[in-house]
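Reviewing the structure listed below.
Next comes the structure, spelled out in structure tokens:
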């Protein structure tokens, strides 16, 4: 007696499934990594919530941390020097700040690559000539551009802040396969627990002009706030416009309702 084709196909599927289940090697790595991985800690900023505002002093401190620490490895490709005028700097201060950077140029006499003082219209220069040079200087890891980092990473500002403050020695019970290899550093807020970037911040690493104590936590908070601004510099204005539009709609609806009542009141009599 010939069995139905559907029955044979189903039997073959079940056999293949059982074979896959019993022949797949078991691994504890994903579970172990998940066990030690931590969710980002919340960073409260004045730009949060329904009524955000920019803390200009904090943003200026954050820009200082970026310039003196982060810019050695990370670019800020989408931010022009003139943009920092929104952080409370005068036109003269912006020009002076831009002049402190050397940007790529071309020698007009020889046509050879050269550098020149920055102008307000220039963008923050990249620390490396290209990706190959960046990887060569960072153990084959490519430092990401920070312009949009708080938008590009899951967890946003909380992730950036937690990562900067989360470097620590591996716990004693960390499985051997998850131990940081040579050139890597343990950080439970990073996806696979180990990353090529060494701890970038240390207490007293910068000297703030306003006298704020430069602890690791303070610097991490400041530079994260600055990167929130670089990712969405129009955030506050956008929310303000949104509230203005909402208020207009509310007033319009009230006036429309009162007009309706006034027009139809005569129709009822």
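Residue numbers (this note's numbering): 1 to 269.
C-beta: ideal position from N, C-alpha, C; glycine also.
Out of 64, 222, 208, 201, the CA that lies nearest to the CA of residue 216 is found in 201. With a beta-carbon spacing of about 11 Å, residue 230 and residue 160 fall beyond the 8 Å limit used to define contacts. Counting only residues of its own chain and dropping the five nearest sequence neighbours on each side, residue 203 has a CB closer than 8 Å to the CB of 214, 215, 216. Distance from the Cα of residue 210 is smallest, within the candidate group 78, 64, 38, for 64.
Three or more beta-carbon pairs separated by less than 8 Å are not found between the stretch 166-183 and the stretch 238-248, which leaves the two stretches without contact. Taken through DSSP and simplified to helix, strand or coil, residue 161 comes out as helix. The beta-bridge partner set that DSSP reports for residue 102 consists of 117. Annotation: the continuous alpha helix (DSSP H) that includes residue 135 extends over 131-137. In the DSSP assignment, residue 219 falls within the alpha helix (DSSP H) that extends over 216-231.
Taken through DSSP and simplified to helix, strand or coil, residue 186 comes out as strand. The beta carbon of residue 58 is closer than 7 Å to those of 222, 225 in its chain, skipping five residues each way along the sequence.
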